[in-house]
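This report concerns only the one structure given below.
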Amino acid sequence: AQSVTQPDIHITVSEGASLELRCNYSYGATPYLFWYVQSPGQGLQLLLKYFSGDTLVQGIKGFEAEFKRSQSSFNLRKPSVHWSDAAEYFCAVGPWTGFQKLVFGTGTRLLVSP
Amino acid sequence: GAVVSQHPSRVICKSGTSVKIECRSLDFQATTMFWYRQFPKQSLMLMATSNEGSKATYEQGVEKDKFLINHASLTLSTLTVTSAHPEDSSFYICSARDGGGAGNEQFFGPGTRLTVL
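Here the protein sequences line up with chains B and A, keeping their order.
Just so you know, we're using this note's numbering here: the first sequence kicks off at 25 and counts up by one.
Just so you know, we're using this note's numbering here: the second sequence kicks off at 1270 and counts up by one.
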């Protein structure tokens, strides 16, 4: 079965500190992996995506993610968090092609303390 | 590029009325659009997948007669919540897949907040 697990419901990070959000997936084929961010009352904005190539992917807003096939993980990182990064973060997995749906994790809410 | 809009952004309606939500791809042709529902502090739940010119495919447990989806053109899909009830109150988000692009990336709209009184 296809699934995405984000084990942390909430994470609080001090402004300026580093961040890592965890994502583990279960997928029967080669996965196409995404990280999205959602601010309150807003839609989803794509931070980054991975299908193949370099396993360390750079995204917008200073975020990066590393694909580790052996661990079925795609963790999101940022070296220095800003107060504006406070939001909900979703990891998702899907196929490279076709009309199959994306499977989303339950999300991790990031709180940034001063 | 790859902008998806939704209209309206917020709607309040009385119980028993029908509400139509529009999802438009502004700068690309969307062969496939997806409709999601999101409850407060929860993840997105896919309701249905619509392909231009054909019937939508609904996820298990989603009432197709209640949530009518029409994808009449490559840039517009509509979701109509018929005979809305308070339990239908939710945040509805659409996404669109760029038919001319590589990969299965979906571009999301800003969402519509539906409140049924």
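Glycine included, each C-beta is placed from N, C-alpha and C at the ideal position.
Predicted model, so just to flag it, every value in this text is computed and none were measured.
{"Item": "Output the distance between the C-alpha atoms of F98 (chain B) and R1293 (chain A), rounded to the nearest integer angstrom.", "Value": "31 Å"}
{"Item": "Across which residues does DSSP place W59 (chain B) in a beta bridge pair?", "Value": "B:L72 and B:C115"}
{"Item": "Please decide whether R1382 (chain A) counts as near chain B, where near means a Cβ-Cβ distance under 8 Å.", "Value": "yes"}
{"Item": "Contact criterion: CB-CB distance below 8 Å. Does T1344 (chain A) meet it with respect to chain B?", "Value": "no"}
{"Item": "What's the C-alpha gap between P1309 (chain A) and Q66 (chain B)?", "Value": "12 Å"}
{"Item": "Which residues, taken in chain order from the stretch 55-81 of chain B, show a beta carbon closer than 8 Å to some beta carbon of chain A?", "Value": "Y56, F58, Y60, G65, Q66, G67, L68, Q69, L70, K73 and F75"}
{"Item": "Of all Cβ atoms in chain B, is any one closer than 8 Å to the Cβ of Q1298 (chain A)?", "Value": "no"}
{"Item": "Would you identify the three-state DSSP class for Q95 (chain B), choosing helix, strand or coil?", "Value": "helix"}
{"Item": "Consult DSSP for E1321 (chain A) and reduce its assignment to one of helix, strand or coil.", "Value": "coil"}
{"Item": "Name the two residues that bound the continuous beta strand (DSSP E) containing G1362 (chain A).", "Value": "Reading the sequence as shown, one finds Ile at residue 1362 (chain A) and not Gly. Where I1362 (chain A) is concerned, the enclosing beta strand (DSSP E) stretches over S1359 to D1367."}
{"Item": "Buried or exposed: where does L68 (chain B) fall if 16 or more other Cβ atoms within 10 Å of its Cβ makes it buried?", "Value": "buried"}
{"Item": "DSSP three-state call for K1310 (chain A): helix, strand or coil?", "Value": "coil"}
{"Item": "I'd like to know whether the C-beta atoms of S1323 (chain A) and L1295 (chain A) end up nearer to each other than 8 Å.", "Value": "no"}
{"Item": "Strictly under 8 Å for the Cβ-Cβ distance: is L126 (chain B) near chain A by that measure?", "Value": "yes"}
{"Item": "Beta carbon of T132 (chain B), beta carbon of L45 (chain B): below 8 Å?", "Value": "yes"}
{"Item": "Tell me whether L1374 (chain A) sits in a helix, a strand or coil according to DSSP, three-state version.", "Value": "According to the sequence displayed, residue 1374 (chain A) carries Glu and not Leu. E1374 (chain A) falls in the coil class under three-state DSSP."}
{"Item": "Measure from the C-beta of T130 (chain B) to each C-beta in chain A and report whether the shortest distance is under 8 Å.", "Value": "yes"}
{"Item": "Would you say the stretch 1359-1367 of chain A touches the stretch 1297-1311 of chain A, given that touching needs at least three Cβ pairs under 8 Å?", "Value": "yes"}
{"Item": "According to the neighbour-count rule (16 or more other Cβ atoms, all chains shown, within 10 Å of its Cβ), is D24 (chain B) buried or exposed?", "Value": "Residue numbering for chain B in the displayed model covers 25 to 138; residue 24 (chain B) lies beyond these limits and cannot be assessed."}
{"Item": "Against chain B, with Cβ distances strictly below 8 Å, would L1313 (chain A) count as a contact?", "Value": "yes"}
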